[in-house]
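Peer 1: Numbering (my numbering), first residue to last: 11 to 457. No residue lacks a Cβ here, since even glycine has one placed at the ideal position from N, Cα and C. For clarity, every value in this text was computed on a predicted model and none was experimentally measured. Submitted below is the structure of interest, expressed as structure tokens.
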């Protein structure tokens, strides 16, 4: 939620500070790119750190930094200081996003795990809507200086998240198992049983929860073993494409609407436009939450269909401009649905020892696409207002083909500990579905 709110505020800041601090186009671009670049660095570092030292401690550090730099931005005396604060804010978001997703994944039961993780992505949209409402309450007239109060208020969700995680968020039982912390693992399993009002695991069942210590945790090299190299290469490409197209549409749509006379330049209409744009993403989130759990569709085919639909919709934006608003809304819905699905697939395909590294590296690839978006969109739009949509159509088609080439779907699969044959899988999350913990043998081979 915090990420969605901060990304919306970022777009508002560029407009608000242009007049107040006389920012140039280069300064505005630098402010936006600094957040994406910080997110890139945070994603790269968070994965290995979380896989080595634990999900909970890295998550708490990330949320603390998110709150500190979000609030500090409100007191920035000049552009240079604000640029530094927003860069570190990006690093904080890059830490929180992959680590929180990993922790949630490792605490969920197999049943409906994909649907819940897809809906988890809806909080980005809710964050955008919340920020728009806060903007309407705090600074309805967009007066100079009001942005400081806005940034201060936007930091409150991060503070509440920090308190909630500190009090209630447990360490992942899967990380405890892979790091050899047997006593802590058993304590977490007993706590999960108590919270879910199911019988506590017996001593014999706890002994069967074999701890598998793996020293080489959190290494990007582990993502390129013979079992995972094909999957990793395709996922990095899909992450890049999805971010390039998603943020490209977010970036270029307002200017296209203005060119076609479909949007107002009156600042009083900005908040309404943002709310409508954000709410339009919710149908695709709900739809993909359903399809990812359907047999013979699952995660992989959902991504393939969504990106193919986005490709066709972007092409129709350029070919049938008379219905541009319809095709643009459909394109954004489709790429949003695909973005929601790639999170559960990536989290489920990598072993516990490198899961956050996998999701973090994929997220880092997506930020490269985000950094490129403003430059590519502006360059193409200068030649033709519809040129960016043809470009996005081609890349969305590439992403759809890459999804087709993924080796298998992860629907119904246990989360793996190791990236090979005959791995041992701790089904500790079965407590969340009212089952006792145990061991499953013979997981699917990764190729």
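Would you tell me roughly how many angstroms separate the C-alpha atoms of residue 420 and residue 412, rounded to the nearest one?
Peer 2: 16 Å
Peer 1: Buried or exposed: where does residue 67 fall if 16 or more other Cβ atoms within 10 Å of its Cβ makes it buried?
Peer 2: By the 10 Å Cβ count, residue 67 comes out exposed.
Peer 1: Rounded to whole angstroms, what's the CA-CA distance from residue 202 to residue 362? Just pull it up for me.
Peer 2: Spanning the two alpha carbons is a distance of roughly 19 Å.
Peer 1: Return the residue from the list 321, 379 and 82 that minimises the CA-CA distance to residue 157.
Peer 2: 82
Peer 1: Below 8 Å on the Cβ atoms is my contact criterion, and I expect residue 391 with residue 397 to pass it. Report the Cβ-Cβ distance as a whole number of Å.
Peer 2: 6 Å
Peer 1: Restricting to Cα atoms, I'd like to know which of 424, 103 and 20 is closest to residue 171.
Peer 2: Closest by alpha carbon: 103.
Peer 1: Is it true that the CB of residue 84 sits closer than 8 Å to the CB of residue 161?
Peer 2: yes
Peer 1: Work out the CA separation of residue 131 and residue 119 for me, nearest whole Å.
Peer 2: 18 Å
Peer 1: Which term fits residue 97, buried or exposed, when burial requires 16 or more other beta carbons within 10 angstroms of its beta carbon?
Peer 2: By the neighbour-count rule (16 or more Cβ atoms within 10 Å), residue 97 is buried.
Peer 1: Leaving out the 5 sequence neighbours to the left and right, which residues in its chain are closer than 6 Å to residue 274 when beta-carbon positions are compared?
Peer 2: Unreliable placement is indicated for residue 274, whose pLDDT of 49 sits below 50; the coordinate value is still reported in the next sentence. For residue 274, where only same-chain residues beyond five positions count, there are no Cβ hits under 6 Å.
Peer 1: Quick one: Cα of residue 141 to Cα of residue 163, how far?
Peer 2: Spanning the two alpha carbons is a distance of roughly 9 Å.
Peer 1: Leaving out five residues on either side along the sequence, give the residues of the same chain with a beta carbon under 6 Å from the beta carbon of residue 75.
Peer 2: If we look at residue 75 and ignore the five residues flanking it on each side, its Cβ neighbours are 102.
Peer 1: Does residue 184 pass the burial test, meaning 16 or more other C-beta atoms within 10 Å, or should it be called exposed?
Peer 2: Residue 184 comes out buried.
Peer 1: Our contact map puts residue 384 next to residue 42 with C-beta atoms below 8 Å; I'd like the distance itself, whole angstroms only.
Peer 2: 7 Å
Peer 1: Mind pulling the alpha helix (DSSP H) runs of 4 or more residues that sit fully within the region 79-159?
Peer 2: 89-117, 123-130 and 132-148
Peer 1: Measure the beta-carbon distance from residue 77 to residue 165 and round it to whole angstroms, keeping in mind my assumption that it falls under 8 Å.
Peer 2: Rounded to the nearest angstrom, the Cβ distance from residue 77 to residue 165 is 6 Å, consistent with a contact under 8 Å.
Peer 1: Taking the alpha-carbon of residue 111 as reference, which of 232, 368 and 248 has the nearest alpha-carbon?
Peer 2: 368
Peer 1: So for residue 419, helix, strand or coil by DSSP?
Peer 2: coil
Peer 1: Is the beta carbon of residue 342 sitting closer than 8 Å to the one on residue 291?
Peer 2: yes
Peer 1: From what residue to what residue does the alpha helix (DSSP H) around residue 392 run?
Peer 2: 365-393
Peer 1: Taking the alpha-carbon of residue 323 as reference, which of 358, 117, 402 and 393 has the nearest alpha-carbon?
Peer 2: 402
Peer 1: Could you round the C-beta distance between residue 294 and residue 317 to whole angstroms and report it? I think they count as a contact, below 8 Å.
Peer 2: Contact flag wrong, Cβ pair sits at about 12 Å.
Peer 1: Compute the beta-carbon to beta-carbon distance between residue 125 and residue 302, rounded to the nearest angstrom, for a pair I have assumed lies under 8 Å.
Peer 2: 6 Å
Peer 1: Just to confirm the assignment, what range does the alpha helix (DSSP H) spanning residue 403 have?
Peer 2: Note, residue 403: alpha helix (DSSP H), 397-414.
Peer 1: In angstroms, rounded to a whole number, what distance separates the CA positions of residue 216 and residue 424?
Peer 2: 19 Å
Peer 1: Taking Cβ to Cβ, would you say residue 395 is nearer than 8 Å to residue 269?
Peer 2: yes
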